[in-house]
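Scroll down for the structure; my scribbles are underneath it.
Numbering (our numbering), first residue to last: 1 to 88.
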């Protein structure tokens, strides 16, 4: 009987002291679509690639490759902003 009471008490203690859901807004994190740091990083990445692209002629293979990389970068950042990821 003591063992049953001990197990019941332990079970009730575990149920009572389980933490609730964590709040995701802790630490100043916001959605990536609303984060100014996220937008700043996107603009800096694209600007860096555009500066490299300006060194080549418009239809040259390096220029086209850099344009594809710019498009992939914008698509990646767009995908992150549409998701529920949190950014700092």
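Glycine residues also receive a C-beta, built at the ideal position from the N, C-alpha and C atoms.
For this session: Using the Cα positions of residue 53 and residue 35, report the straight-line distance between them to the nearest angstrom.
Result: 27 angstroms
Exercise. Excluding five sequence neighbours on each side, which residues of the same chain lie with their C-beta closer than 8 angstroms to the C-beta of residue 69?
Worked result: 49
Exercise. If you follow the alpha helix (DSSP H) that residue 38 is part of, which residue opens it and which one closes it?
Worked result: 36-53
For this session: Taking residue 40 as the reference, give the member of 57, 82 and 77 with the closest Cα.
Result: 77
Problem set entry | Option nearest residue 44 by Cα separation, candidates 58, 73 and 14 | 73
Exercise. Alpha carbon to alpha carbon, what distance is there between residue 5 and residue 12?
Worked result: 10 angstroms
For this session: Ignore the nearest five residues each way along the sequence and tell me which others in residue 85's own chain have a CB closer than 8 angstroms to its CB.
Result: 31 and 32
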